[in-house]
Every structure is written in C-alpha cells, then in structure tokens.
Amino acid sequence: MSDTPFVIAGRIFQSRLIIGTGKYPSHALMARAHEASGADMVTVAVRRVNISDRSRESLLDYIDTSRMFILPNTAGCYTADEAIRTARLGREAGLSNWVKLEVIGDERTLFPDNEALIEATQVLVREGFVVLPYTNDDPIACRKLQDAGAAAVMPLGAPIGSGLGIQNPNNIRIIRESARVPVIVDAGVGTASDAAIAMELGADGVLMNTAIAGAEDPVAMATAMRHAIIGGRLAYLSGRIPRKMYASASSPVEGMVGR
Amino acid sequence: MSDTPFVIAGRIFQSRLIIGTGKYPSHALMARAHEASGADMVTVAVRRVNISDRSRESLLDYIDTSRMFILPNTAGCYTADEAIRTARLGREAGLSNWVKLEVIGDERTLFPDNEALIEATQVLVREGFVVLPYTNDDPIACRKLQDAGAAAVMPLGAPIGSGLGIQNPNNIRIIRESARVPVIVDAGVGTASDAAIAMELGADGVLMNTAIAGAEDPVAMATAMRHAIIGGRLAYLSGRIPRKMYASASSPVEGMVGR
Amino acid sequence: MSDTPFVIAGRIFQSRLIIGTGKYPSHALMARAHEASGADMVTVAVRRVNISDRSRESLLDYIDTSRMFILPNTAGCYTADEAIRTARLGREAGLSNWVKLEVIGDERTLFPDNEALIEATQVLVREGFVVLPYTNDDPIACRKLQDAGAAAVMPLGAPIGSGLGIQNPNNIRIIRESARVPVIVDAGVGTASDAAIAMELGADGVLMNTAIAGAEDPVAMATAMRHAIIGGRLAYLSGRIPRKMYASASSPVEGMVGR
Amino acid sequence: MSDTPFVIAGRIFQSRLIIGTGKYPSHALMARAHEASGADMVTVAVRRVNISDRSRESLLDYIDTSRMFILPNTAGCYTADEAIRTARLGREAGLSNWVKLEVIGDERTLFPDNEALIEATQVLVREGFVVLPYTNDDPIACRKLQDAGAAAVMPLGAPIGSGLGIQNPNNIRIIRESARVPVIVDAGVGTASDAAIAMELGADGVLMNTAIAGAEDPVAMATAMRHAIIGGRLAYLSGRIPRKMYASASSPVEGMVGR
Amino acid sequence: MQITLNGEPYELEQPLSLVALLDKLDIDARRVAIEHNLTIIKRHRFPEVVVGDGDQVEIVNFVGGG
Amino acid sequence: MQITLNGEPYELEQPLSLVALLDKLDIDARRVAIEHNLTIIKRHRFPEVVVGDGDQVEIVNFVGGG
Amino acid sequence: MQITLNGEPYELEQPLSLVALLDKLDIDARRVAIEHNLTIIKRHRFPEVVVGDGDQVEIVNFVGGG
Amino acid sequence: MQITLNGEPYELEQPLSLVALLDKLDIDARRVAIEHNLTIIKRHRFPEVVVGDGDQVEIVNFVGGG
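Protein chains in written order, with my numbering: chain A, 1 to 259; chain B, 260 to 518; chain C, 519 to 777; chain D, 778 to 1036; chain E, 1037 to 1102; chain F, 1103 to 1168; chain G, 1169 to 1234; chain H, 1235 to 1300.
Written out as structure tokens, the structure reads:
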C-alpha cells in the first residue's frame, strides 16, 4: 500500500501526527514523548519573555529543530488584530513563515470566531504567511478559509482539551470530500481510537496536545497515537468491509462432518 | 511502558491480534496479510477433504507453522456434540489440543448458544483441551465459561462478519473487570478504530477474520490492524485524560502580547 | 393510524408502558406518578411482612387495583428454586398467576442467569403461570425462553437502574424480528428519548422503574414517559424517512425570485 | 409540572413544535398532518406565481391561519441580498414581519453561510423584522446572531432532510446554556426520538419538515412528533436520573424469603 | 414453644391456627401469602392449618419493586 | 409592448395598473406580493402603479416549504 | 463392497487399511484426521485399521476459517 | 528614564540599543522577537534600534503550547 506523501504548502512531512508542547510535567518528558510520537512538526505558543525570572530554561533547548518543524500558534488571541500581531512576532522569533492561526470566539468552549479567522487569514496570506487555521467542523467556513489562501484547514473534533473525540464525524467526512487543501483534525482527541477514527474519515493529519501531555504516561500515549494515526490512515486506504445488519460466516458452511 | 505478556494457558503470544484464514481472495494474499499483521496465532476450520477434487492446494502450505500457532475452530456447529466431535478431529489433524469453540444458536446472527457452549466447554476441558469459547457479551455467560475451565473468554463485539464494531462497550468493560482469564473480543470488528476501541476497553486481545480478508487491500488492512491493536493497548495502559464538557486551553493564558 | 392492541397472554393492555412501585419518595407520590403514566400494569416485589413494625402502611393501599394489573416479580432471586418459590408466594398474595421472572446472575450488574431463567420458566409454565422473564439482549436466550413457554420476553436495554439507555439497539431489533411473543424492553431507560428509541426499534412495550421513581419530579417524568412511549410507537408505525449522508431541500428549488 | 410558556419576540406559542409545508403528497394530507401535530406555527416558502398554469390551488387554502402562524422562509437564497429581498416580499405576501432566515452556503449540505446570515440579520432587524435565522451548531455564530438582534437562534441538528438526528448534542447543549434567546433545533430530525433528544438537551423548540412530510404516514408521524416534543420537554424539566456504570436494584434487597 | 417466623425465632404460648397467628400479629389476611414448613397454604385454609413448636412460617406481602 | 414578468418576456397591448395585470392574469391580489422594477409595492398601491414597456415585474406567493 | 466416505457412497474392491485408502485417494496422511465408524483413529494406527463393507469414514483437514 | 517592557514599567539610566537591552536582561537574542513601539524589529537591526524614554518594548519567545 503506497500512500501519497503528507504535503502542506509544498513541504513534505513524514508523520501525519502533529503535536503540541504545552502542559507537559517537564520539558524532559516532553522531549521523550516527541521522540516516541514520530511527529516531525510541533506547535508552540508565542509569549512574553519572563523578565523578572530568567532562570527558566528555554523550550527550544528540548526540541530537536533539525528534525522537528516548529509551528507557532496564536492561541489565546480573541481578535484578528491580536492574532496577526502574534503571528508576525512568531515569524521573527522562529525561522519560518508558518502559523497555526487561532482566533478564539468564546472562553469556555475556545471555539473559533470564523469571521475574524477568515479576515486574519486573508491578511497573513497577503503577507506571505503559510496559514493553518484552527476552525470548527463547518464545511462552509473551511471552504472560505481555503478560498482565503489557507494552506490547510484544521477543523476541531471537539472542544480543545476536552478529550471527547470526534463529535461530528459526518462533518469531518464532508469537509474532506470538498476541500482541496489538507484537512487536519485539530483538538478534541482523547485516546488512540479517536485519532484512528479521524484518519478513517479521511483526515490528512491530526493535531493534538492535551491527549498526550495530560496522559498519566505521555510517552506511552505518544507511542499509542503514532500507531493509531498509521493504523487509521491505512484502514482508510484499505477499503474497509461494508457494515451489515446480520452475520456472514467466515468459515465455509459446507463440508461439515456428519451432515 | 512495559506491558504484561499476552499469555493464554501458559503460552506466551507476541501479538494481541489473532486472525483468521477464511475468505481471502487467494492463499498467497492471505500469507502476505498474515505476515503484515504480526499475528502469531491463526484460526482454521475443520472440514471434510474434497475427495473428488484433490487439485486444491492445502491451506497449510501457506501458513508458516514455525511462527504461527494454529487454532482450529468448530465454526458451523449447532450442537455441543457436533462441536465436541469437530474439536476432537481438529486435535488429530493438528498438533495441539487448543480449540476455538463455537456452538452457534442461530443462522442469521451466528450468535452462540451459551448453554450448549458451556456444556461443550466442560466436556472438552475434561478431555484436556485448551478451550477458547466464542460467546456473546454477557458477563454471566463469560463467568460460567471461566468456571467451566475455559482458558479465555471471547465475547463478540458484533455479529460475525458484520463489521459493525463494538456494539456494547460497557459489557466488554464489565467482562474484563470481572474475568480472571484473558478476554478476547471475537467478531464484529470492521476497521482499525474498532480494534483500538476493544483494546482501550481492556480486552487482552482481538480476533478477526472478515475485516482483513474482506478488505479491498487485505495486506494494508492487516498492517492497519497491527498498529491499531498496539496503539489501543498502549492507550489503555497510558491513563487517558478524562472527558470534559468544556474546553481547557493547551497554551498558557498569561503572557499574551499587548495585554 | 390504527395500531394492533398490546396483548400479553390474551390480556389486552391500554398502555405499552409498564412501571414499577419501588424507590418512590412516598406512596402518595407514587400513586400520582402511576396516574400520570397512563400505565395499567405495575410490578411489585414479594417480601417478608415486617413483624416488629406493623405501622408501615400497605403498598396496595396506594394502587388502584381496579385499573392497575399487578405483576409480582422475583427480584433478588439468585437461583431457579428461589425464583420459583417466590413466584408461588406472589401468586397467593395476589390475584393472578402472572410473574415477572428474575433470576439474577451477578450482584453488580444484576444481569440474568439465562440458564436458570429458562429452567424456572419451564417449571412455572407447567404450573400454569404466565411468565414474563427479564433477560439480556441475547436473541438466542429470548428464543429459548419463548420455546419454554414465556408469554413475552423482556430483554434489558442496560443494567437495572443505570439509566444508560438502549446499549445495543441492533440486538433489540433482531430480537423483535425473530420473536413470536411480545418483546418488552425491561431496565436501562433513563429518560424519555430512551423509551422512544426502544419503541422505534419495534419493542411492544417498555418496563421501567428507577427512571420515573428516581427523577427529581416523578410525576412529570411519568407524563414524559407516557408521551415518549406513544410517540415512539407511532414513529415505528409511521415509516420514518431514510437516513441520508447529505441534505435534500424541503422548499422548491425553482421559482426563486430574480433568477 | 408547570413549564414556562414558549415565547418568541413576545408572542406565545402553545406548541414547541414548528413544522413545514413542503414535500407533502397532497395539500389535504398536509392539512391533516398539521392538525395532528398540534403545531401553531408553520413555515412557507416564497416563490414566483406560476403564470402559465393558474390551475394549481393555493397553499393557503389548506392552512387554518386563524390558529396557524405563518413563518415565511428564505430557503434557496445563497446571498444576503437574495435573502433580504425574499424576506421583504414574504412580508408583503403575508401579514407579519417574521422571517425564517436562510442564507445557504453550499448546495450539497445546505449548510448556512454564517457571515452572510449575520449580515442579513442585521439589515432585516433594522427594518423591523422578527428574524429567526437557520444556522449551524456553532455557539459563536449563535451568539453573533443574537447580538445582531435575532429573536431566536435555530441551529441545525443535521443536514436538512437527512434524518440523521442530532449529530452533535454537546454543541446544542452549549448553545442553549449561553443563549439569551430561544434555541430552536432546525433540520436533521428523522424520527420521534430525535425530537425528544433535542428537547432533552434544553432546546426551546424544534422545527422540522421532511421527517413528517416524507414519512409513509405523515399524519401518524406528526402525532408521534407532538408526543415526542412534549415528552422530551417534560423529561428535560423532570431532572433525569444520573447515568451509572453498574446496576442498582429497584426492589428491596432485604426481606427475601428463606434467607 | 417456639417457631421460626420470617427467619426469626418467635415465642408462642400454645399452637395457633394461621388465622389466629395473623390476628395476634395484627396482619390483614387478605394481603399476605403464607408458607408453612415450605408448603404454601391457600388462604381459605388459614383457619384450619395450625402452627406448632419448631414450625417454620413465612408471611409475605407486596412491597415496592421494579 | 413587452415586460419581464417573473423572469419571462410577457406581451401587453398597453400599460396596465398592477390591479389590472393581476386581473388579466387571474391572480388573487390578497395572496401575492409584487416587486416592480426592484421596488416592492404595497398592496394598497396596486391600483395606482402602472406597468409599462420594459418594466420588470415579480409576482410571488407562498408555496410549500420547510 | 461400499463404504460411506465423507457422507458419500464410495466403492472399494476389497478391504483397505486407512494408509492404503489415503494412498488410493492421494491424500497426505500428515495433514488429515480420520474418524472410522465414529471413532477417531490416531495417525500411528492408520496402517493397522482396516476399512470394510458398510463402514463410515470421515477424512477431514484444515481449511480457511475465522 | 522609564520604558514599558512587556507591559510593565522598567527603569533605564540612558537610552540603549536592543542588543544592549537584551544583554542587560541576559536574554539570548537568537531566541526572541522584539516589537518596538508596535513595530517589529528584524533581528539584524537589534544593534541599531535604540530604546528611549516612554518607549514600549515587547520581547517574546516560544513557550509550550498546543
């Protein structure tokens, strides 16, 4: 089974799993989880340097940037302007013009403000950014983001950090069918089967943070996710059997002894 | 993350995936799927030799018995006597005293006849068989099979060959909590995430045939299942995050620029 | 829409909802909930009279036996003998030879011991009882109970008192398709939609206790269940629309202004 | 159990069920289904009069406008301008300034274009319309529509006419928790339990067309929906029992005979 | 003399008919069923069946259940 | 002279008021809404508004919808 | 003479040992199990067990199954 | 003189280049991005851009996020 490579904006990624760098018990454990996950792209947040306390070691000391592509996000931004400003700073702090674009619309759900998101996407694309917007599972919003020049669309499976799994599989499937850019399920995954389901629906990749960082054993869960993504993708490509209401024997019905 | 080995009746298996040998487009393709699956136990049926046509090549020519353990089944048997008779013949035809015990109660669902199943288990255990009974997701039936000496219990996830996935996860979980022998989900798996879900519920293994043999690309699906079983098992052991009704940010909420 | 009457053992019931008498905050509230439910059959338990404390008022003072048919149960019995003995006492205490037969197999799940249940059914049917056995959602067990002379089969939707709703709709549907006696979903209902789903699957009736007695407002929930049972039954008879993966407009697509 | 009245823009409705007038086999059958449903608000489409064929009888001849409130929709409109123009014509054709506002974003899913929908809502509210916008299950879009002056928000449960039921219950629940205006689940209902589930999630009402008009027996299904809406609403108000993983007996555990 | 009544020891001065026993216990005969030494006693036989030393008596009625 | 009526060309001998047009078309004025050259015409103005050559007229009513 | 072989009538000139029968049928003895008149015959006894007129013989092997 | 550094007031003896400021703050220039009075300053311009009284400076870097 030969799969097409996972390409975003002309860049090929070896893994269809993209993971975060937040909420880990320690930077050291994060590094081991990253290693175990097989991911070659990680998201990071852009925040003010802590002036008063310089002791804290740098996140980047624990990311092997030779094999990991860094994707700055605009998490926590509630307006297009905030997100644009943060994206620009992220570009300077890093070495790429990629951004995981978040414009949050509500504190409790952290669902996106699609209007502002589309607007910010248009601005950043004009400035030469490779924009990967976090949106909800709305096929129309995804189409508009694509039309605005997004390099991929990243519909949520469930609220960020909720671990509820893919709440509306039908929408993810529809988004995949109509999108011309990669579809990456971002947020909501809680365990391995959730990631496999996302891939079986046709998602090109899955982005997750809390499911791994918040597990009792992040390294083991990272390994679990690596397998789930590969397994789910292969299952999607393998042509699964149809669902039937009744049974169909897997052993021959003739040739029984004594009949 | 070190897992306990997968042991049935004192025998250690490397893989928690057990697969069938039926319904493949060809023996050759089956052999490649077996290889890809990583399984080290396969089920086979016991049937009359075709006297009139000796041309047909033997199934065993396509199974590497040096690494694959052969598990004869009693598929198609509708009474305890039939199943016992078939189990005995299987023991002679093969080299082991193991049997996947099936006593079917209904042609359309292929659901087990638990009464007859328990009776046959008792007889075969007395005769020194290692009995792995295919049953439904009934914790009471599983307990009785265990008490009758079954080496493992194999509750169904859904009707054989239906590909519907685990219909009653709660029952599988309950069976796992109360059983002292390995719990192997047998039948009903349709795609990789179904297998992962079974493992995440605590199943010690999964047995499947149609999901792989009936896929458009059995070799790719076998690979998918290998990953799904490993991923699902690791996720079960990793301590997944709790499900939440609302979101919780994965990036810091303080340190935002311009606030 | 004319429905066939709900008939068990030749007796016609006006309501397809059967409810319990346990766990109510008070007998008075129970009576009002019964009234609101529209049910004309209620289950009762058979227990030792409290000798030391005769103050407690009798349950029957709060049941209008002129319109409510009393169905004694054998709840709490763990063997066929216990259940048979309790059924016989119930017959003497009451005025009918009907029994809701329970033979429990496990304390934590309260799932039935089908072997013992079938045995007890055979004995009681011979003694002239009208037997309504509580069983699990196993089509084979249901068929055997029917063959043993059960006047109806009562598969569980979920564990007693769990409120989880119908855990395995496919099994209930299959049981209904193959049974020649009424199928009554007994246990597991938590809210109105659960009852509606049971009826939509083809169940002839639903038996519940905790969902009503344990609700904050039992009288309102009893009313809710009355409507849900009627609505679910009618929906089952009405020929619902097929499920589609995509939309189909409900307003005309031609005749738009300005096109 | 006394419920708060169902009020939209100061107008009280007796029924929480709102139904359509499209796709019925005949106007006469529609009238009987309307009667059976108990609804007192129906949606209608605004279309060009058929000049060449004047024979066709008028829809309004079959709607008892003395008890039915007429809600014109803008179905089929793909831009804010089209929708605004159609809404204005609907106001002239009818006797009210209410409109079910639809701005469709995609032909295959008929999902809304939320940006255009919000824009059209602002315009029409300024013109004195009572706007009930059909949107998707996005809490942020619903909040913006509310802020734009919508008299209610009408999130979809599933694609129009799909009959898939509530695809994302969690979103409907969240929308209800945060909205200050009535929440009406519009589209996606296939059968009675779907409507009950919508109400149990806290929806103030449900709008449907195909589920009734497309059923084999629309009158019976309309009756089913009436009961489902009442039952679901009451269940929501009754305080359902919590879900438990295990069983809890509904009959006393003490006082067993012979213990 | 002593009987076992609903699983508990119970003292009687002298043998009693079931009717008398129910009366003594203030129990309405129409609402209960009685098992005497594992045999169920029809209600019409309550007057004639006598409970004596060492007898086992179970008196049951209906209580709330599901 | 010709007008565009509901998107189709339509011939008129001479200019007509909306009332007259509806009459000619056998349409009940109480059941329709009319847009004349993109302007919505209130029902009470149907008698005075006249349709002439090249005008665009949209006449709509309610039909079954969801 | 005739035997019943796997449920079908089968002609034999004279009694044969199971080994001879398998040989005649071109069946590899190592891959099959045999039931002779409802009794399972261990493989090492194939040479000595003789099939005669009216006997029932079941010869089975493994085929694909799940 | 005082500047606003990452939202907080910060005292300086005299104007400083961004390089000097980072040096003073013991911050590795290669790991941060700087916004000076709402304008982003390219790293190669850190030596020439001078921070003076009342200026607003934002110094950011990457932290763990999802």
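Yeah, the Cβ is synthetic: ideal placement off N, Cα and C, and Gly gets one too. Here the structure is a predicted model, which means the values were calculated and not measured.
>> Under 8 Å, with one C-beta from each stretch per pair, do the segment 237–255 of chain A and the segment 411–422 of chain B reach the 3-pair mark?
In response: Yes, the segment 237–255 of chain A touches the segment 411–422 of chain B.
>> I want to verify the contact list: residues of chain A whose CB lies under 7 Å from the CB of residue 1234(G), in sequence order.
In response: To locate residue 1234(G), count along the seventh sequence from 1; it is residue 66. For residue 1234(G), the neighbours in chain A by C-beta distance under 7 Å run, in chain order, 250 and 251.
> Is the Cβ of residue 1017(D) closer than 8 Å to any Cβ of chain E?
Replying inline: Reading the fourth sequence from its first residue, position 240 is the one you call residue 1017(D). Using beta-carbon distances, residue 1017(D) does not count as an interface residue toward chain E, since no partner is under 8 Å.
> chain B partners of residue 1242(H), CB-CB under 9 Å?
Replying inline: Taking the eighth sequence and counting its residues from 1, the one referred to as residue 1242(H) is at position 8. The contacting residues do not exist; residue 1242(H) stays about 12 Å from chain B at best.
>> Beta-carbon within less than 7 Å of residue 120(A)'s beta-carbon, same chain only, minus the 5 sequence neighbours each way: which residues are those?
In response: Position 120 of the first sequence, counting from 1, holds the residue named residue 120(A). Within the same chain, residue 120(A) has close Cβ partners 80, 83, 84, 101 and 103.
> In its own chain, which residues sit with a C-beta less than 6 Å from the C-beta of residue 78(A), not counting the 5 before and 5 after it?
Replying inline: Against the first sequence, residue 78(A) aligns to sequence position 78. Cβ within range, chain order: 104.
>> For the segment 358–387 of chain B, list every residue whose C-beta sits within 8 Å of some C-beta in chain C, in sequence order.
In response: The residues in question are 364, 365, 367, 368, 370, 371, 372, 373, 374 and 377.
> Sorted by chain position, which residues of the same chain lie with C-beta nearer than 7 Å to residue 1183(G)'s C-beta, five sequence neighbours on each side aside?
Replying inline: Walking along the seventh sequence from the start, residue 1183(G) turns up at place 15. Within its own chain, the residues whose Cβ lies closer than 7 Å to the Cβ of residue 1183(G), once the five positions on either side in sequence are excluded, are 1218, 1219 and 1220, listed in chain order.
> From residue 663(C) to residue 323(B), what does the alpha carbon distance come to, in whole angstroms?
Replying inline: In the third sequence, residue 663(C) corresponds to position 145, counting from 1. In the second sequence, residue 323(B) corresponds to position 64, counting from 1. Computed Cα separation, rounded: 46 Å.
>> Let's test the definition: count the other Cβ atoms within 10 Å of the Cβ of residue 1004(D) and tell me whether it reaches 16, buried, or not, exposed.
In response: Sequence index remark: in the fourth sequence, residue 1004(D) carries index 227 (1-based). Around the beta carbon of residue 1004(D), 16 or more other beta carbons lie within 10 angstroms, which makes this residue buried.
> In terms of alpha-carbon separation, which member of 276(B), 481(B) and 499(B) lies closest to residue 238(A)?
Replying inline: As a position in the first sequence, residue 238(A) is number 238, starting the count at 1. Out of 276(B), 481(B) and 499(B), 481(B) has the C-alpha closest to the C-alpha of residue 238(A).
>> So, with DSSP's three-state summary, where would you put residue 661(C)?
In response: Residue mapping note: residue 661(C) aligns to position 143 of the third sequence, counting from 1. Residue 661(C): helix per DSSP, three-state reduction.
> For the alpha helix (DSSP H) that contains residue 495(B), what are its first and last residues?
Replying inline: For this step, residue 495(B) is matched to residue 236 along the second sequence. Where residue 495(B) is concerned, the enclosing alpha helix (DSSP H) stretches over 477–497.
> Below 8 Å, can you find three or more Cβ-Cβ pairs linking the segment 275–284 of chain B to the segment 1246–1264 of chain H?
Replying inline: No contact exists between the segment 275–284 of chain B and the segment 1246–1264 of chain H.
> Across which residues does DSSP place residue 1060(E) in a beta bridge pair?
Replying inline: Looking up residue 1060(E) in the fifth sequence gives position 24. According to the DSSP secondary-structure assignment, residue 1060(E) is paired through a beta bridge with no residue.
> Are the segment 249–258 of chain A and the segment 64–76 of chain A in contact at 8 Å, needing three or more beta carbon pairs?
Replying inline: These segments do not touch.
> Taking the alpha-carbon positions, what's the residue 558(C) to residue 529(C) distance?
Replying inline: Residue 558(C) sits at position 40 when you count from the first residue of the third sequence. Residue 529(C) sits at position 11 when you count from the first residue of the third sequence. Those two C-alpha atoms are separated by around 11 Å.
> Buried or exposed: residue 95(A), going by 16 or more other Cβ atoms within 10 Å of its Cβ?
Replying inline: Along the first sequence, read from residue 1 onward, the residue named residue 95(A) stands at position 95. Residue 95(A) is exposed by the Cβ-count criterion.
>> By alpha-carbon positions, which one of 688(C), 531(C), 717(C) and 575(C) ends up nearest to residue 589(C)?
In response: Translated into the one-based positions of the third sequence, residue 589(C) becomes position 71. Comparing Cα-Cα distances from residue 589(C) to each of 688(C), 531(C), 717(C) and 575(C), the minimum goes to 531(C).
>> Helix, strand or coil, according to DSSP, for residue 608(C) in the structure here?
In response: Against the third sequence, residue 608(C) aligns to sequence position 90. Residue 608(C) falls in the helix class under three-state DSSP.
> Of all the CB atoms in chain H, is at least one closer than 8 Å to the CB of residue 218(A)?
Replying inline: Numbered from its first residue, the first sequence carries residue 218(A) at position 218. Contact of residue 218(A) with chain H is not assigned, every C-beta pair being separated by 8 Å or more.
>> Going by C-alpha to C-alpha distance, which of 224(A), 34(A), 184(A) and 57(A) sits closest to residue 7(A)?
In response: In the first sequence, residue 7(A) corresponds to position 7, counting from 1. Considering only alpha carbons, the answer is 184(A).
> Do you know how far the Cα of residue 721(C) is from the Cα of residue 687(C)?
Replying inline: By 1-based counting over the third sequence, the position of residue 687(C) is 169. By 1-based counting over the third sequence, the position of residue 721(C) is 203. Taking the straight line from one Cα to the other gives about 11 Å.
>> Under 8 Å, Cβ to Cβ, is there at least one residue of chain D near residue 1127(F)?
In response: Here residue 1127(F) refers to the residue found at position 25 of the sixth sequence. Residue 1127(F) counts as touching chain D.
>> Starting from residue 1201(G), trace the beta strand (DSSP E) in both directions and tell me its first and last residue.
In response: The count along the seventh sequence starts at 1 and reaches residue 1201(G) at position 33. Per DSSP, residue 1201(G) belongs to the beta strand (DSSP E) from 1201–1204.
>> Does chain H have any CB closer than 8 Å to the CB of residue 291(B)?
In response: Position 32 of the second sequence, counted from the first residue, corresponds to residue 291(B). It does not: the Cβ of residue 291(B) has no partner Cβ on chain H nearer than 8 Å.
>> Which residue marks the beginning of the alpha helix (DSSP H) containing residue 1292(H), and which one marks its end?
In response: For this step, residue 1292(H) is matched to residue 58 along the eighth sequence. That residue, residue 1292(H), is in no alpha helix (DSSP H); its beta strand (DSSP E) goes 1290–1298.
> If we cut at 8 Å on Cβ distances, does residue 682(C) have a partner in chain B?
Replying inline: Position 164 of the third sequence, counted from the start, is the residue given in the question as residue 682(C). Judged by the 8 Å Cβ criterion, residue 682(C) is in contact with chain B.
> Since residue 304(B) sits in a beta bridge, which residues does DSSP pair it with?
Replying inline: Position 45 of the second sequence, counting from 1, holds the residue named residue 304(B). As DSSP reads the structure, residue 304(B) sits in a beta bridge with 1231(G).
>> So with CB distances below 8 Å, who are the chain H contacts of residue 190(A)?
In response: For the purposes of this step, residue 190(A) is identified with residue 190 of the first sequence, where counting begins at 1. Simply none; closest approach about 14 Å.
> Do the segment 1170–1190 of chain G and the segment 296–310 of chain B touch if we need at least three Cβ pairs shorter than 8 Å?
Replying inline: Flag = yes, the segment 1170–1190 of chain G and the segment 296–310 of chain B touch.
> Whose Cβ in chain G lies nearer than 7 Å to the Cβ of residue 469(B)?
Replying inline: Residue numbering aside, residue 469(B) sits at position 210 when the second sequence is read from its first letter. Here the neighbours are 1234.
>> Does the beta-carbon of residue 901(D), which I'm using as the reference point, lie nearer than 7 Å to any heavy atom of the ligand COA?
In response: Although the ligand COA was asked about, the structure shown includes no ligands whatsoever.
>> Looking only at its chain, what residues have a beta carbon closer than 7 Å to the beta carbon of residue 231(A), apart from the 5 residues adjacent to it on each side?
In response: Your numbering for residue 231(A) matches position 231 in the first sequence. Excluding residues within five positions, the ones whose Cβ falls inside 7 Å are 196.
> Could you give the residue range of the beta strand (DSSP E) that holds residue 277(B)?
Replying inline: Position 18 of the second sequence, counted from the start, is the residue given in the question as residue 277(B). In the DSSP assignment, residue 277(B) falls within the beta strand (DSSP E) that extends over 276–278.
>> Run through chain C and tell me which residues come within less than 9 Å of residue 818(D), C-beta to C-beta.
In response: Counting from 1 along the fourth sequence, the entry for residue 818(D) is found at position 41. None at all; the shortest Cβ gap to chain C is about 15 Å.
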